[in-house]
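S.K.: Once you've had a glance at the structure underneath, I'll fire off some questions.
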Amino acid sequence: MVKKSTFQQLRTLTPEKLALARLVLDDVRSGRPVAEAVRRHPVKGGHISKSVLVAAYNQLVESGAWQADPSLLARIRLKPVRTLSGVTTVTVLTKPYPCPGQCIFCPDEARMPKSYLSDEPGAMRAVEHDFDPYAQVRSRLEALESIGHPTDKVELLILGGTWSYYRRDYQEWFVIQCFKALNGPNPPLPPSLQGRGDTGGIGPVHLINETAPHRNVGLVVETRPDEITLDELAWFRHLGVTKVQMGAQSLDDHILEINARGHTAAETHRAVALLRAAGFKIVLHWMPNLLGATLDTDRADFPRLWEGLCPDEIKIYPTQLLENAPLYEYWRRGEYQPYTQEELVALIADLKPAIPRYCRVNRVVRDIPSTHVVAGNKRTSLRQDVHAELRRRGTRCNCIRCREVREQAVETSALELDDLAYPADSAEEHFLSFVTPEDKIAGFLRLCLPNVDSPSTGLGDLDDAAIVREVHVYGQSLPVGEEGNGAAQHTGLGTRLLEVAEKIAQRRGFHRMAVIAAVGTRRYYLERGFDRGKLYLVKSLPKA
Ligand code: SF4
């Protein structure tokens, strides 16, 4: 049973609230900036929220009192940045379950999956829905729709402890429920499923999603490096996984050991090489300020990420001292000292400019409510502080996130193609990107050319194949078939990137190309000459 979400409840406003929201909206329609209009009409104890404005707008349009006005809606919408990368992310948490790890910095809260706190923003929704995956996805989609966001391209981010440690029947059920929520009630069945009794298995829900209103364009799970095996690679693909997040945390074996990570840096390298050989996108977490680390050892450790591992995305999670983690006792005994906020800002400002252009920094701090942090940095706006420090120093970060085109209109004829080739453990990577004259990224493709040292994956689709690990084109996420005003999506950039990748692969002697397509993007590749393989989409390449 799906609980009625907060946003659904907001859809029907009381007459008083609607009247007040209408005054604000009238002001905005007459050209007044939204913030000013909101300030002119205060409510008891504060100001009217943007979600109420959107709810009022929807109510006025649905009742026929007003005509739809997309430009007004765009101005009052909440946090447009959430879909600016072209994709809407929906986060779901798995049920409380133990983790094989014993990491001393990791909090343990009863009735929560390991490492998550019940009042973290992302976790609260899961608790509200009793960790039911279907309800979590539906309520998130409804919330996003009610504030006017397109939800036709959805990346599912599954969080909670160590995914690979959950029972596989639970994992499969969980993913099926997420897809059922994306597919909606009574979805139209593709011809191959019509007349079949069981359409609730993983294959059918995937197939239905290929043409569903909410297409899955990425499926992310988080696990530990020592859980990555050949069997796990195939299982991930069976579920439709396209991206894997893992904690590297440090590349210093002594630090890993005293923090009880339970794996070595070599195991992280092994896991990353396997994931890369199987075409997955790789996100690594790295933690400064672990037990035993100093500002100097952290400065020495971070560059090791780019020596072979070369993650596609990173999350920098400065260690946070939490009362319900074993590290707390070390601190009480005087054996651990958190960095100050100033030290942390200076450290990350030292590290960021050296991040390669092929990597995206997703986070520089974890969103833990500051009330849980015993000592050390309590600011969740650390990214802004770091960027202010970079500006003060006259330096900048060149990571993907810092160079995305965002809302900027893109003049496709002015774009330049950049081919950044770099060696990773046992493969040559090409980060192909279209960049604007201002060095902003409008779209990119990750091409992996395995070499003789590349580990065998046992996945037949990938035999002797060059692998497209990611194609990403930016722009406001547009409903399928609609053109945006100069937004980079739908202008053929993806097709052009694929053509360039094919040429590079051909020149390097590859006769096959495979792509790790998310379920909802399969049609895109089928229309571009790929065929269905067992777990990937594949294409033969003519001889160069
Ligand atoms: S592996 Fe992750 S979830 Fe498990 S104890 Fe370590 S940090 Fe926590």
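Quick note on this note's numbering: the sequence shown kicks off at 2 and runs consecutively. C-beta: ideal position from N, C-alpha, C; glycine also. Since the structure is predicted, the reported quantities are computational estimates derived from the model, not experimental observations.
(1) Are at least three pairs of beta-carbons, each pair with one atom in the region 48-55 and one in the region 132-152, less than 8 Å apart?
(2) Using a 10 Å radius around the Cβ and a threshold of 16 neighbouring Cβ atoms, would you call G493 buried or exposed?
(3) Check whether the Cβ atoms of V375 and Y318 lie closer than 8 Å to each other.
(4) Do you know offhand how far L14's Cα is from K154's?
(5) Under 8 Å, do A261 and C100 count as touching if we go by C-beta distance?
(6) Pairs of beta-carbons, one from the region 54-73 and one from the region 177-184, closer than 8 Å: are there three or more?
(7) Whose C-alpha, out of D227, G280 and V366, is nearest the C-alpha of H286?
(8) Which word fits K441, buried or exposed, when buried means at least 16 other C-beta atoms lie within 10 angstroms of its C-beta?
(9) Evaluate Q321 with the Cβ neighbour count: other Cβ atoms within 10 Å of its Cβ, from every protein chain shown; 16 or more gives buried, anything less gives exposed.
(10) Ignoring anything shorter than 4 residues, give me the alpha helix (DSSP H) runs that lie fully in the region 190-264, in order along the chain.
(11) Excluding the 5 residues preceding and the 5 following H473 in the sequence, name in chain order all residues of the same chain whose CB lies nearer than 6 Å to its CB.
(12) Cα-Cα, which of N290, C360 and Y167 is closest to L421?
(13) Can you list, in chain order, the residues of its chain with a C-beta nearer than 6 Å to that of L61? Leave out the 5 residues immediately preceding and following it.
(14) When DSSP labels each residue in this structure, what does M514 get in the three-state scheme?
(15) Any heavy atom of ligand 1 closer than 7 Å to the CB of G102?
(16) Taking the alpha carbon of R523 as the reference point, which residue from K540, E110 and D227 has its own alpha carbon closest?
(17) Between R225, L498 and A515, which lies nearest to D419 when the distance is taken from Cα to Cα?
(18) Consider the C-beta atom of G65 and the heavy atoms of ligand 1; say whether any pair is separated by less than 7 Å.
(19) Can you list, in chain order, the residues of its chain whose CB lies under 6 Å from that of Y526, leaving out five sequence neighbours each side?
(20) Figure out for me which residue from H215, H270, L194 and I256 has the closest Cα to the Cα of E228.
(21) Strictly by DSSP, which residues pair up with G161?
(22) Look at Q246 and V273 and say whether their C-beta atoms are less than 8 Å apart.
(23) In its own chain, which residues sit with a C-beta less than 6 Å from the C-beta of K115, not counting the 5 before and 5 after it?
(24) Contact between the region 277-284 and the region 449-460: three or more CB pairs below 8 Å?
(25) Can you find at least 3 beta carbon pairs, one from the region 118-127 and one from the region 86-95, that sit closer than 8 Å?
(26) Tell me where the beta strand (DSSP E) around P424 begins and ends.
(27) Going by DSSP in three states, E484 sits in which element: helix, strand or coil?
(28) Measuring alpha carbon to alpha carbon, tell me which residue in V362, T295, I77 and L352 is nearest Q338.
(29) In angstroms with no decimal places, state the Cα-to-Cα distance between A410 and E173.
(30) For the region 365-395, list the alpha helix (DSSP H) runs that are entirely contained and at least 4 residues long, ordered along the chain.
(31) Among the candidates F106, S72, Y423 and E344, whose CA atom is the shortest distance from the CA of D386?
(32) Once the 5 residues before and after F531 are set aside, which same chain residues still bring their CB inside 7 Å of it?
(33) Can you tell me where the alpha helix (DSSP H) holding A144 begins and where it ends?
(34) With a CB to CB cut of under 8 Å and the five nearest residues on each side skipped, what residues in its chain are close to A69?
(35) Whole angstroms are fine: how far does the CA of L391 sit from the CA of D465?
(36) Measure how close the beta-carbons of V469 and E211 come, nearest whole angstrom, since I'm counting them as under 8 Å.
M.R.: Quick answer:
(1) Verdict: yes, contact present.
(2) Taking the first residue of the sequence shown as 1, we reach residue 493 at position 492. Classification for G493: exposed.
(3) Translated into the one-based positions of the sequence shown, residue 375 becomes position 374. Translated into the one-based positions of the sequence shown, residue 318 becomes position 317. With a cutoff of 8 Å on beta-carbon distance, V375 and Y318 are scored as not near each other.
(4) Counting from one through the sequence shown, the residue named residue 14 turns up at place 13. Counting from one through the sequence shown, the residue named residue 154 turns up at place 153. Near 29 Å, if we compare the C-alpha coordinates of K154 and L14.
(5) Here the question's residue 261 lines up with position 260 in the sequence shown. Here the question's residue 100 lines up with position 99 in the sequence shown. Between A261 and C100, the C-beta spacing is not below 8 Å.
(6) When C-beta atoms of the region 54-73 are compared with those of the region 177-184, fewer than three pairs fall below 8 Å, so the two segments do not count as touching.
(7) Walking along the sequence shown from the start, residue 286 turns up at place 285. When only C-alpha atoms are compared, the closest one is V366.
(8) On the sequence shown, position 440 is the one that residue 441 refers to. In summary, K441 is buried, with 16 or more beta-carbon neighbours lying within 10 Å of its beta-carbon over all protein chains present.
(9) Taking the sequence shown and counting its residues from 1, the one referred to as residue 321 is at position 320. Q321 is buried by the Cβ-count criterion.
(10) As far as the region 190-264 is concerned, its whole alpha helix (DSSP H) runs of at least 4 residues are 203-210, 231-240 and 254-259.
(11) One-based indexing of the sequence shown puts residue 473 at position 472. Take H473, set aside five residues on each side of it, and the residues of its chain with a beta-carbon closer than 6 Å to its own are F445, in chain order.
(12) Walking along the sequence shown from the start, residue 421 turns up at place 420. Comparing Cα positions, the closest option is C360.
(13) Your numbering for residue 61 matches position 60 in the sequence shown. The residues are W67.
(14) Reading the sequence shown from its first residue, position 513 is the one you call residue 514. If DSSP states are grouped into helix, strand and coil, M514 belongs with the strands.
(15) One-based indexing of the sequence shown puts residue 102 at position 101. Ligand 1 has a heavy atom closer than 7 Å to the beta-carbon of G102.
(16) Start at 1 with the first residue of the sequence shown, and residue 523 comes out as number 522. Closest by alpha carbon: K540.
(17) Counting from one through the sequence shown, the residue named residue 419 turns up at place 418. Minimum Cα distance to D419 is reached at L498.
(18) Position 64 of the sequence shown, counted from the start, is the residue given in the question as residue 65. No, since every heavy atom of ligand 1 falls outside the 7 Å radius drawn around the Cβ of G65.
(19) Looking up residue 526 in the sequence shown gives position 525. If we look at Y526 and ignore the five residues flanking it on each side, its Cβ neighbours are V516, A518 and L538.
(20) By one-based count along the sequence shown, residue 228 stands at place 227. Of H215, H270, L194 and I256, the residue nearest in Cα terms is H270.
(21) As a first step, residue 161 is located in the sequence shown; it is residue number 160 there, counting from the start. Checking the DSSP bridge columns, you'll see G161 has no partner listed.
(22) Residue mapping note: residue 246 aligns to position 245 of the sequence shown, counting from 1. Residue mapping note: residue 273 aligns to position 272 of the sequence shown, counting from 1. No, these two residues do not count as a Cβ contact at 8 Å.
(23) Along the sequence shown, one-based indexing puts residue 115 at 114. Cβ neighbours of K115 beyond the five flanking positions: C100 and G162.
(24) Segments in contact, yes.
(25) Taking 8 Å as the limit for Cβ pairs, the verdict is that the region 86-95 does touch the region 118-127.
(26) In the sequence shown, counting from the first residue as 1, residue 424 sits at position 423. Run containing P424: E417 to A425, per the beta strand (DSSP E) assignment.
(27) Mapped onto the sequence shown, residue 484 falls at position 483. Here E484 scores only 39 on pLDDT, less than 50, and its place in the model should not be relied on; the value that follows carries that caveat. In the structure shown, E484 sits in coil (DSSP, three-state: anything other than H, G, I, E or B).
(28) Within the sequence shown, numbered from 1, the residue matching residue 338 stands at position 337. Relative to the Cα of Q338, the nearest Cα in the group V362, T295, I77 and L352 belongs to T295.
(29) Walking along the sequence shown from the start, residue 410 turns up at place 409. Walking along the sequence shown from the start, residue 173 turns up at place 172. The straight-line gap from Cα to Cα measures roughly 41 Å.
(30) If we require 4 residues or more, the alpha helix (DSSP H) runs fully inside the region 365-395 come out as 383-394.
(31) As a first step, residue 386 must be located in the sequence shown, where it is residue number 385. Per the Cα distances, E344.
(32) Within the sequence shown, numbered from 1, the residue matching residue 531 stands at position 530. Excluding positions up to five away in sequence, the list reads V516, L538, V539 and K540.
(33) For the purposes of this step, residue 144 is taken as the residue at position 143 of the sequence shown. A144 -> alpha helix (DSSP H) spans P134 to S147.
(34) The sequence position of residue 69 within the sequence shown is 68, counting from 1. Taken in chain order, the residues that qualify are V62.
(35) Working through the sequence shown from its first residue, we reach residue 465 at position 464. Working through the sequence shown from its first residue, we reach residue 391 at position 390. D465 and L391: Cα-Cα distance of roughly 44 Å.
(36) Counting from 1 along the sequence shown, the entry for residue 469 is found at position 468. Counting from 1 along the sequence shown, the entry for residue 211 is found at position 210. The pair is not a contact, with the Cβ atoms about 18 Å apart (cut-off 8 Å).
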